[in-house]
Amino acid sequence: MTSGSHQLAVTQAGNRLVVKVGSSLVTNDGQGVDHNAVAQWARQIAELRHLGKEIVMVSSGAIAEGMVRLGWTRRPTEMHELQAAAAVGQMGLAQAYENAFAPHNLRTAQILLTHEDLADRVRYLNARSTLFALLRFGVVPIVNENDTVSTDEIKVGDNDTLAALVTNLVEADTLIILTDQSGLYDRDPRQHPHAQLIALAAADEPSLESMAGGAGSHIGKGGMLTKVLAAQRAARSGANTVIASGREMNVLVRLAQGESIGTTLTAKQPVWSARQQWMADHLRLRGRLTLDDGAIKALLVDGKSLLPVGVKAVEGLFEKGDLVACVDRAGQECARGLINYSSGDTRRIMGQPSQKIIDILGEADESELIHRDNLVIMNRAQANPT
Ligand code: GLU
249 MTSGSHQLAV
259 TQAGNRLVVK
269 VGSSLVTNDG
279 QGVDHNAVAQ
289 WARQIAELRH
299 LGKEIVMVSS
309 GAIAEGMVRL
319 GWTRRPTEMH
329 ELQAAAAVGQ
339 MGLAQAYENA
349 FAPHNLRTAQ
359 ILLTHEDLAD
369 RVRYLNARST
379 LFALLRFGVV
389 PIVNENDTVS
399 TDEIKVGDND
409 TLAALVTNLV
419 EADTLIILTD
429 QSGLYDRDPR
439 QHPHAQLIAL
449 AAADEPSLES
459 MAGGAGSHIG
469 KGGMLTKVLA
479 AQRAARSGAN
489 TVIASGREMN
499 VLVRLAQGES
509 IGTTLTAKQP
519 VWSARQQWMA
529 DHLRLRGRLT
539 LDDGAIKALL
549 VDGKSLLPVG
559 VKAVEGLFEK
569 GDLVACVDRA
579 GQECARGLIN
589 YSSGDTRRIM
599 GQPSQKIIDI
609 LGEADESELI
619 HRDNLVIMNR
629 AQANPT
């Protein structure tokens, strides 16, 4: 991990970038869409397009802009009021981006997503094809969460996470999170005047989460922690993340030219296949299987399938083909996968050798509970249970 200035051309090589701008930037700390700021980003993105880069924007600010348009001074707590504010404010966002890109002869497209859109494989692939088509047509997609229909069960929850999911969806090389702070500091800079900016670190560096621990601004949803977690998520598809101030002059162009601004969190884990990535990006799973130590070793060390004999407990209501988590005795997720049996059948065959499935259920479609082709390892560290 390095602090202070450090030259690193991570984004220079990147050809597809996801740029996320937070609510406090977009709405100038909640005062309504900052047209000047939006115009600056549009100018820079137009320049990047000329350099041959493809850009997807993830923009927050719908709720903050909606509040201004409706004359509300305090953020509501009721879900339907938040949803109403988002519906009103999203018009302002769309208008602002369309107007700002028009002088550069660039079209924008509005993409509103919920977690459910990304969790369903067919809808995920549809969203992906549409985004790729838009990029091919030279359009700049502007993504936000579909706040108007998002309830707790189906929402992503914050746009840092959404931006990471979009990064994985479009296989971007770099995720740039623009915020109202200069980057990630080793301590909260608002309380510690000597806090040091982290210029470069591996996204999976364990100490980052505690450094980022504090709360964020009162306007947006995510603090630094959601940004660090987003960087970890983006790193799983091989993307680097930059967290930088959106108020820094020409920040996007300078980053794309390889200048080091803010914090760069690099990806170094092995890259997953698109299908494994899709499984790993689910925020909510249908069920949980508690595994014994033998099964954990079989999955994590030996790369084997999960058999019913290694399952100690089953939670949740799921169908054949649903995505479930595999946890250790402490409840820590070590893998996840698409299960071959419903929750009812899994409860009946758990702890039993595979040859007994036919006696218990009357039929045996598969001898594995989760085939290794349908499994993704989430945490290899648990391979040596103590
Ligand atoms: N989707 C929300 C909005 O546009 C913002 C969520 C966030 O800032 O993380 O207001």
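Residues in the sequence shown are numbered consecutively from 249, following our numbering.
Ideal placement from N, C-alpha and C gives every residue a C-beta, glycine not left out.
Taking 7 Å as the cut-off, is the C-beta of residue i nearer than that to any heavy atom in the ligand GLU?
i, result
"I491", "no"
"N392", "yes"
"N407", "yes"
"S602", "no"
"G270", "yes"
"G592", "no"
"D395", "yes"
"I618", "no"
"S458", "no"
"G280", "no"
"I311", "yes"
"A350", "no"
"A189", "As displayed, the chain neither begins before 249 nor continues past 634, which places residue 189 out of reach and without an answer."
"S308", "yes"
From what residue to what residue does the alpha helix (DSSP H) around residue i run?
i, result
"N374", "R369 to R384"
"R297", "H283 to H298"
"L432", "Segment: none, L432 is in no alpha helix (DSSP H) and carries neither H nor E."
"A412", "N407 to L417"
Is residue i near the ligand ATP, with its Cβ less than 7 Å from a heavy atom?
i, result
"G510", "The ligand ATP is not part of the structure shown, which contains the ligand GLU as its ligands."
Out of the options, point me to the one whose CA is closest to residue i's CA.
i, options, result
"R495", "G270, L265 and V266", "G270"
"V274", "Y589, L373, Y433 and M305", "M305"
"L373", "M598, A522 and A578", "A522"
"D400", "Q525, L537, I606 and H363", "H363"
"G535", "G569, A543, G558 and L503", "G569"
"S602", "R384, V557, N488 and T409", "V557"
"K722", "T325, N353, K552 and L413", "In this structure the chain extends from 249 to 634, so residue 722 is not present and cannot be described."
"N394", "G386, V388, F385 and V404", "V404"
"S307", "A335, R264 and P389", "P389"
"G265", "L366, V336 and V490", "Reading off the sequence, residue 265 comes out as Leu, not Gly. Of L366, V336 and V490, the residue nearest in Cα terms is V490."
"L448", "K516, A411 and A543", "K516"
"Q439", "M327, G461 and T427", "G461"
"L296", "V499, N627 and M339", "V499"
Could you please give the first and the last residue of the uninterrupted beta strand (DSSP E) stretch that includes residue i?
i, result
"R264", "R264 to V269"
"R536", "G535 to L539"
"T356", "T356 to L361"
"R584", "E581 to L586"
"L623", "L623 to I625"
"G564", "V559 to G564"
"I446", "I446 to A450"
query = What residue ranges within the region 459-523 form continuous beta strand (DSSP E) runs of no fewer than 3 residues, ordered along the chain?
reply = 488-493 and 511-514
key: Completely contained alpha helix (DSSP H) runs for the region 303-329, where each covers 4 or more residues   = 310-318
ask   = For the region 474-483 against the region 452-461, are there 3 or more C-beta pairs whose distance is under 8 Å?
value = yes
query = Do the region 343-362 and the region 288-298 touch if we need at least three Cβ pairs shorter than 8 Å?
reply = yes
message = Can you confirm whether the region 577-596 touches the region 616-624 when touching is taken to mean that 3 or more C-beta pairs between the two stretches lie within less than 8 Å?
response = yes
message = Taking 8 Å as the cut-off, does the region 429-449 touch the region 506-520 (at least 3 CB pairs, one atom from each stretch)?
response = yes
query = Does the region 308-328 come close enough to the region 367-383 that 3 or more CB-CB pairs lie under 8 Å?
reply = no
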